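Engineer:
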Amino acid sequence: MYKLFKKDLKLFFKDKRSVLLTFLLPIILISLFAFAFGAIGGSKGSSNPVELLLVDSDQTIASKELVANLDSLKGLKIIPSDLSMAKKLVIKGKYAGALILHKGFEDSIETGNDIPMELWYDKARDMEIGMLQPVLTSTLMASIGKKIVQKNIESYLQNNFPNIDKSISDKILSDAINKDNNTSAFSLSSSIKLTSIVGEKKETNLGIIQAVAGTAILMLLFSVAGLGTSILEEKENGTINRLLYSPLNSSIILYGKMLFTFFIAILQLTTMFLFSWLAFKLDLTVNIPALVLMIIATGFAVSSFGIFLAAISKTRQQAQSLSTLIILIMSAIGGSMIPLFVMPAIMQKIAIFSINYWGIQGFYDIFWRALPLADILPRILVLLGIGIFMTLLSIRLFQKNVLKLI
Amino acid sequence: MIKVREISKSFGNIKALKPVSFKINRGEIFGLLGPNGAGKSTTINILNTLLEPDNGEVIIDGINLKDYKSDCKLIIGVVPQEIALYEDLSAYDNLMFWGSLYHIPKAILKSKANNVLEMLGLSDRKNDSIKSYSGGMKRRINLASSILHNPKILLMDEPTVGVDPQSRNHIFEVIEKLNKEGMTIIYTTHYMEEAERLCNTIAIIDTGNIVAQGTLKELRETSGAKDLLTIKLADLNTTTISNIKSSLPSFTLDSNFNTLKVECANISNEILIVINHIQNAGGVIESIDTQIANLESIFLKLTGKQLRD
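These protein sequence lines map, in sequence, to chains P and R. Its first residue numbered 52, the first sequence is counted upward by one per residue in the working numbering. Its first residue numbered 80, the second sequence is counted upward by one per residue in the working numbering.
1. Using a threshold of 8 angstroms, state whether the C-beta atoms of I303/R and H228/R are closer than that.
2. So L234/R is in the beta strand (DSSP E); what residue range does that whole segment cover?
3. Judging by CA-CA distance, which residue of S355/P, A370/P, F331/P and L342/P is the nearest neighbour of L283/P?
4. Hey, how far is the Cα of D203/R from the Cα of A170/R?
5. Any beta carbon from chain P within less than 8 angstroms of S149/R's own beta carbon?
6. Check each candidate in K115/P, G350/P and S132/P and name the one with the smallest Cα separation from L104/P.
7. What separation, rounded to the nearest whole angstrom, lies between the Cα atoms of I91/P and I195/P?
8. Check whether the segment 287-294 of chain P and the segment 320-330 of chain P are in contact - that is, three or more C-beta pairs closer than 8 angstroms.
9. Count the other CB atoms within 10 Å of the CB of M309/P; is the residue buried (16 or more) or exposed (fewer)?
10. Report the three-state DSSP secondary structure of I91/P (helix, strand or coil).
11. What is the residue span of the alpha helix (DSSP H) that A193/P lies within?
12. Excluding the 5 residues flanking N288/R on each side, which residues of the same chain have their C-beta closer than 6 angstroms to its C-beta?
13. Taking H153/P and E169/P to be in contact with their CB atoms under 8 angstroms, please state how far apart those CB atoms are, rounded to whole angstroms.
14. Could you name the residues of the same chain whose beta carbon sits closer than 7 angstroms to that of L271/P, not counting the 5 residues immediately before and after it, in chain order?
15. Keeping to the same chain, check which residues put their C-beta closer than 7 angstroms to that of A402/P; ignore five residues upstream and five downstream.
16. Helix, strand or coil: how does DSSP classify F414/P here?
17. The ligand FAD heavy atoms versus the CB of A421/P: any closer than 7 angstroms?
18. Would the segment 141-155 of chain P and the segment 204-219 of chain P be scored as touching if the rule is three or more Cβ pairs under 8 angstroms?
19. Closer than 9 angstroms between beta carbons: that is the criterion. Which residues of the segment 156-167 of chain R meet it against chain P?
20. Nearest to A396/P by alpha carbon, out of E205/P, K115/P and G126/P?
21. Rounded to whole angstroms, what is the Cα-Cα separation between D306/R and D146/R?
22. Any beta carbon of chain R sitting closer than 8 angstroms to that of Y296/P?
23. Scan the segment 269-282 of chain P for residues whose Cβ lies nearer than 8 angstroms to a Cβ of chain R and list them as they occur along the chain.
24. Does DSSP put G96/P in a helix, in a strand, or in coil?
25. Rank N143/R, K384/R and A95/R by C-alpha distance to the C-alpha of R84/R and give the top, closest one.
26. In this structure, does DSSP put R105/R in helix, strand or coil?
27. Output yes or no for whether 8 angstroms exceeds the beta carbon distance between G438/P and F351/P.
28. In the segment 255-272 of chain R, which residues sit with their C-beta less than 8 angstroms from some C-beta in chain P, listed in chain order?
29. Suppose the cutoff is 7 angstroms on Cβ atoms and the five residues either side in sequence are ignored; what does the same chain contact list for K88/R look like?
30. Quick check on DSSP: helix, strand or coil for G386/P?
31. Might you give, ordered along the chain, the residues of its own chain that have their beta carbon closer than 7 angstroms to the beta carbon of K210/R, omitting 5 neighbours on each side?
32. If we define contact as Cβ-Cβ less than 8 angstroms, is N115/R a contact residue for chain P?
33. Rounded to whole angstroms, what is the Cα-Cα separation between K296/R and N279/R?
34. Less than 8 angstroms between the CB atoms is what I'm expecting for L381/R and V290/R, so what's the real figure, rounded?
35. Can you pull the DSSP bridge partners for C343/R?
36. How many whole angstroms separate the CB atoms of L333/P and F418/P, which I take to be in contact at a CB cut-off of 8 angstroms?
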């Protein structure tokens, strides 16, 4: 039994692919998920600051004081903006939300009226906004809370008890301000009007968009990687040589493979979206031209990736190991496994190095953010650029690696 | 028809083909005989344009192969050493696919595919997937896929490796039929019986060099390989040996087995003379074994090693 064990152990460690999949891949994925969930990457639980757009339409001492207080918070980074830009940036998904201090902000504090303060946000990023709210509330409390409460109570006492003794009213005011912070905070929290400007009117569940886009691209990567590596299979069984004996030249063979992989990618993506329409009522008609272009661009980028994998590998086994590794890493950082908006800012920045990111965000633009084609076009162009770059690289590597006889 | 002039090929430090030259006439079956690693496949891969020689040139019908690859590919058929077929497709679908690469009109291709399947005795299995075929049947389809476009030249790289006798005969018959129809065939093998049966001209290749070429008769003459007569005697004493020596100057003796080995330029002309000499010398013959000089002995003479080394 020991001899068998020893033999298997020897064989296992000789098989670099198995070792890679058994140890290295889980380590990489664990590290990525840990980063994604923010467990590591910061000191003692601190994480990168949440970025919040701020529009100060009041431009008064009180509003500026509040902006300064918010800006001094370690966990919050204030990005000054104007109304139209803030709206655009939130809709495009650049920022989770924008705090709007409307005109009359200072006056409302003085008069004790409702404070014209609004938080625009993307409904897809509820979680971020949920985390942001307590921070905003406590800062508001520190800045203007006491003044508001004081004004509210003074106004109430004046209206209801005009002849109240000043010492009694002072005592009430003092007690209310010093002992009832929770109630005050609650009332302040509720004084921030929350307005979802993205996804509010959508009938489609956000989870469905994430599931469809994320899973579709993940599965697509796996299937095209398999198709791409069929070139290596053809090399191994000699059919690629036989193709080369024919009047076809090597570039035509590669283009033929790419066309097939591209076609299957388009077919697979289309099937997945049609299924989502039938099973989950995903509205495919929301922006048909953009959807068609996104499917084509994503299919092209992903199929080029499949061919690229085959071109950089010398054997099928090598290509399979490499594809598993790269696809899982790209999917983890690109938002296929975990929605991008729950990841820390650093991860969101790294995500741009994956095909998944551009594909998923493109589909978000269509189905969630309902952006016009012109706004989605940059993502489509990036995907096409990735496809062209990988195709050119593959043609070069194909000649070098795949067609090498000995 | 084909002139190969001083072609050489190296892979890194390995010289797979030292400058090699040969000429193949139209309608000939030209055999390239040599052990594994001799340079046969490298030569074939240069002729089929898969490899470019480091030096030298290949001229086909007056055209330099290097300058007119695409044109030459249309008149060349290649039967690769490996079974290069799509295993999940049927034999018929494989033929239709491989034939379509040569721009053959579909109707003609269909008829060609059916004819070739008939010729190779596989019509009844034409719709079965290749993976259900025996090794020999796969080899036959491997050949069939290469002749659909009626090539003028057929390059066959060890086409019978691992083939059963029935399939081997089918393949031989097809080769002979194609050759009768005018096809020039270049046939590499390390089976001397195949080269002897099929080839008009043979080049013997070893370690990247062509050590000899010509017809079988010419090779025998060049190499000096002779027929061998092995005679077992009933009783062999020193007097008999001495008597035989005086009349038969060239023989070897294995006294342990009472056996004489005599080399003959032409065994059929010399056998009776040898028998008479032995009997006149007092030898009693128990058995006689004849071995005609063949490619094996020619190869041994020329290279000093066995063909299957």
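Even glycine gets a Cβ: it sits at the ideal position worked out from N, Cα and C. Quick caveat: nothing in here was measured; it's all calculated off a predicted structure.
Structural biologist: Taking the coordinates as given:
1. As a position in the second sequence, residue 303/R is number 224, starting the count at 1. As a position in the second sequence, residue 228/R is number 149, starting the count at 1. Inspection of the sequence shows that residue 303/R is occupied by Gly rather than by Ile. The answer is no: Cβ separation not under 8 angstroms.
2. In the second sequence, residue 234/R corresponds to position 155, counting from 1. It spans I232 to D236 - the beta strand (DSSP E) in which L234/R sits, taken as one unbroken run.
3. As a working note, residue 283/P is residue 232 in the first sequence. Of the listed residues, the one whose Cα sits closest to L283/P is A370/P.
4. In the second sequence, the residue the question calls residue 203/R occupies position 124. In the second sequence, the residue the question calls residue 170/R occupies position 91. Those two C-alpha atoms are separated by around 11 angstroms.
5. Within the second sequence, the letter at position 70 stands for residue 149/R. Yes - at least one Cβ of chain P is within 8 angstroms of the one on S149/R.
6. Position 53 of the first sequence, counted from the first residue, corresponds to residue 104/P. Nearest of K115/P, G350/P and S132/P to L104/P, Cα basis: S132/P.
7. As a working mapping, residue 91/P is identified with position 40 in the first sequence. As a working mapping, residue 195/P is identified with position 144 in the first sequence. Reliability of the predicted coordinates at I91/P is poor, the pLDDT of 41 falling under 50, and the value obtained from them is presented with this limitation in mind. Spanning the two alpha carbons is a distance of roughly 35 angstroms.
8. no
9. Residue numbering aside, residue 309/P sits at position 258 when the first sequence is read from its first letter. When all chains shown are included, M309/P counts as buried.
10. Within the first sequence, numbered from 1, the residue matching residue 91/P stands at position 40. Unreliable positioning characterises I91/P in this predicted model, as indicated by a pLDDT of 41, which lies under 50. A coordinate reading is not provided.
11. The residue given as residue 193/P occupies position 142 in the first sequence. For A193/P, there is no enclosing alpha helix (DSSP H), as DSSP marks it with neither H nor E.
12. Taking the second sequence and counting its residues from 1, the one referred to as residue 288/R is at position 209. Same-chain partners within the cutoff: K97.
13. In the first sequence, counting from the first residue as 1, residue 153/P sits at position 102. In the first sequence, counting from the first residue as 1, residue 169/P sits at position 118. Right, their Cβ atoms sit about 7 angstroms apart.
14. Residue 271/P sits at position 220 when you count from the first residue of the first sequence. For L271/P, where only same-chain residues beyond five positions count, the Cβ hits under 7 angstroms are A316, Q319, L320 and V353.
15. As a working note, residue 402/P is residue 351 in the first sequence. Excluding residues within five positions, the ones whose Cβ falls inside 7 angstroms are I384, G385, G386, L391 and Y408.
16. As a first step, residue 414/P is located in the first sequence; it is residue number 363 there, counting from the start. Three-state DSSP puts F414/P in a helix.
17. For the ligand FAD, the structure offers nothing, since it holds no ligand at all.
18. no
19. G156, V157, P159, Q160, E161, I162, A163, L164, Y165 and E166
20. Counting from 1 along the first sequence, the entry for residue 396/P is found at position 345. The option with the nearest alpha carbon to A396/P is G126/P.
21. In the second sequence, residue 306/R corresponds to position 227, counting from 1. In the second sequence, residue 146/R corresponds to position 67, counting from 1. Going from the Cα of D306/R to the Cα of D146/R covers about 47 angstroms.
22. As a working note, residue 296/P is residue 245 in the first sequence. With 8 angstroms as the cut-off, Y296/P counts as an interface residue toward chain R.
23. none
24. Residue numbering aside, residue 96/P sits at position 45 when the first sequence is read from its first letter. The predicted model places G96/P with a pLDDT of 45, which falls under 50 and marks its position as unreliable, so this point remains unresolved.
25. Here residue 84/R corresponds to residue number 5 of the second sequence, with the count starting at 1. Sorting N143/R, K384/R and A95/R by C-alpha distance to the C-alpha of R84/R places N143/R at the top.
26. Taking the second sequence and counting its residues from 1, one reaches residue 105/R at position 26. The answer is coil: DSSP assigns R105/R none of H, G, I, E or B.
27. Translated into positions along the first sequence, residue 438/P becomes position 387. Translated into positions along the first sequence, residue 351/P becomes position 300. Between G438/P and F351/P, the CB-CB gap stays under 8 angstroms.
28. none
29. Here residue 88/R is taken as the residue at index 9 of the second sequence, counted from 1. Closer than 7 angstroms at Cβ, skipping near neighbours: A95, L96, T121, I125, L130, P132 and D133.
30. Your numbering for residue 386/P matches position 335 in the first sequence. Shown here, G386/P sits in coil according to DSSP, grouped into three states, outside any helix or strand.
31. As a first step, residue 210/R must be located in the second sequence, where it is residue number 131. Excluding residues within five positions, the ones whose Cβ falls inside 7 angstroms are E166 and D167.
32. For the purposes of this step, residue 115/R is taken as residue 36 along the second sequence, with counting starting at 1. Output row for N115/R: interface = no.
33. Walking along the second sequence from the start, residue 296/R turns up at place 217. Walking along the second sequence from the start, residue 279/R turns up at place 200. If you take the alpha carbons of K296/R and N279/R, they lie about 10 angstroms apart.
34. Position 302 of the second sequence, counted from the first residue, corresponds to residue 381/R. Position 211 of the second sequence, counted from the first residue, corresponds to residue 290/R. Going by Cβ atoms, the distance from L381/R to V290/R rounds to 5 angstroms, so yes, they are a contact pair.
35. Locating residue 343/R in the second sequence gives position 264, where the first residue counts as 1. Answer is D306/R, bridged to C343/R.
36. Sequence index remark: in the first sequence, residue 333/P carries index 282 (1-based). Sequence index remark: in the first sequence, residue 418/P carries index 367 (1-based). The Cβ separation is near 7 angstroms, so the contact holds.
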